Amino acid sequence: MIPYGKQSIDQNDIDAVIEVLNSDWLTTGPKVDEFERAVAGYVGSKYAVAVSSGTAALHAAMFAIGIDTGDEVIVPPITFAATANAVVYQRGTPVFTDIDPDTLLIDPKNIEEKINSRTKAIIAVDYAGQACEYEKIKYIANKYGLILVADSCHALGAEYRGKKVGNIADLTVFSFHPVKHITTGEGGMITTDNSEWAEKIKIFRNHGITSDHHKRKKDSSWFYEIKDLGYNYRITDIQCALGISQLKKLSSFLKKRHEIAKIYDLAFEEMPGITPLHVRDDVFHAYHLYVVKCGQDKREKLFKYLRDNGIGVNVHYVPVHLHPYYQRKFCYVPGLCPVAEEAYKTILSLPIFPEMSDEDVERVVDAIRCTIGAKR
Ligand SMILES: *Cc1c(COP(=O)(O)O)cnc(C)c1O
């Protein structure tokens, strides 16, 4: 079976983890700071705070910017449910706005009509690994005094007009799940230039406790206070050691993803009815996903044939507003985001991950060619 995504772990990663297991700190130790500094340095942000998952990172971001009852946050419907769920965790309302049909990214044209006095923030999702149209989105955010959060869980290493994702929005969120660019098993990170938000998130990930155990030890004090409701969203040193080791290989991982995408691009130029998503020329794509649009009948046929032949294709994503929970809780109905709903019927994510061989890629291409009856 060729999966759609998969981690790459080598001996250096294993050694890094074992070193931590033999050390004094399994959690809340020096590797957490080191991983945070490494990611902040890589994306060019002033601060980075590591947490237990990308979802926890999104939740922490919503907490930090003060989302609460009655607040609205604009989100695209073609994303992992966690993007919108994080708004709901903080009692806010996710307001879905339609996407661009060619890139499936949030369409800046549609944002303004969703803004009202309750709107507090926009979450831009760098779907598949392509950076959103940040200049246009930032212009709108500034015009209405909204906070811009980037869900860049697909886009570590991606660039917009020469600038790395992680250093463009007010807050950026990453995930280190095994299918993502680098992994810590489970893990996430928030990057920002805002010291107040970074501090709030550090407290939030530790139950809302305002003085950490290092500080208590230094001040020889037992005192601590809960100022806000927080969670246990800590990440371990074991995970962070893996993250530090993985980050060193990110540029080679990205290179490999680009090579695979190139083979797909060339193959589909000749194949009628298989259209890769449009890639704008002002981005460096991180290719978390390689998505093609192929027409509804073809999509069902391709999905079945490829799965039956050991090729792990997938559909990213069911539009979030169509999930039963969202329909029930917010009374969202089909038709709310027609472009997203139409695109959803035709998209297919093909396998792409650094350890995929050229033969694996050819196998996928041949299977698609076979299914749609195209000639070589
Ligand atoms: C993976 C992902 C998340 C959640 O990350 P986890 O680490 O799995 O919690 C959130 N948003 C998007 C777009 C993702 O792809």
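Going from the sequence shown to my numbering is simple: count from 1 and add 865.
Glycine is no exception: its CB is placed at the ideal position from the N, C-alpha and C atoms.
Just so we're clear, the structure is a prediction, and the values are computed from it rather than from any experiment.
{"query": "If we require 3 or more residues per run, which beta strand (DSSP E) segments fall completely within the segment 896-923?", "result": "912-916"}
{"query": "My parser needs the alpha helix (DSSP H) runs of 4 or more residues fully inside the segment 1087-1152; what are they?", "result": "1102-1112, 1115-1134"}
{"query": "Rounded to whole angstroms, what's the CA-CA distance from Val916 to Ala1020? Just pull it up for me.", "result": "18 Å"}
{"query": "DSSP puts Met1054 in a beta bridge; with which residues?", "result": "Ala915, Phe1039"}
{"query": "How many Å lie between Asp1102 and Phe900 at the Cα?", "result": "9 Å"}
{"query": "Identify the continuous alpha helix (DSSP H) that holds Glu977 and give its terminal residues.", "result": "Careful: Glu977 lies outside any alpha helix (DSSP H) and carries neither H nor E."}
{"query": "Return the CA-CA distance between Glu1165 and Ile943, expressed in angstroms with no decimal places.", "result": "19 Å"}
{"query": "Could you give the distance in angstroms between the alpha-carbon of Pro971 and the alpha-carbon of Pro941?", "result": "Checking the sequence, you will find Ile at residue 971 rather than Pro. Distance between the alpha carbons of Ile971 and Pro941 is about 5 Å."}
{"query": "Please confirm whether any heavy atom of ligand 1 lies closer than 7 Å to the CB of Phe945.", "result": "yes"}
{"query": "Return the chain-ordered list of same chain residues with a C-beta closer than 6 Å to the C-beta of Lys1065, the five sequence neighbours on each side being excluded.", "result": "Ala929"}
{"query": "Contact between the segment 1186-1197 and the segment 882-891 is defined here as three or more beta-carbon pairs at a separation below 8 Å; is this criterion met?", "result": "no"}
{"query": "Asp1035: which of Lys911, Ile1074, Lys1082 sits nearest, CA to CA?", "result": "Lys911"}
{"query": "Under three-state DSSP, which class holds Val841?", "result": "Residue 841 lies beyond the stretch modelled for the chain, which goes from 866 to 1241, so this question has no answer here."}
{"query": "Can you give me the C-alpha to C-alpha distance between Gly894 and Ala1106, rounded to a whole angstrom?", "result": "11 Å"}
{"query": "In terms of residues, what are the limits of the alpha helix (DSSP H) holding Lys871?", "result": "Counting along the chain, Lys871 falls outside any alpha helix (DSSP H), and DSSP gives it neither H nor E."}
{"query": "Assuming Pro1189 is part of the alpha helix (DSSP H), what are its boundary residues?", "result": "1189-1195"}
{"query": "Using a Cβ-based criterion (distance less than 7 Å to any ligand heavy atom), does Val1030 qualify as near ligand 1?", "result": "no"}
{"query": "What is the rounded straight-line gap between the Cα of Tyr1098 and the Cα of Phe1041?", "result": "14 Å"}
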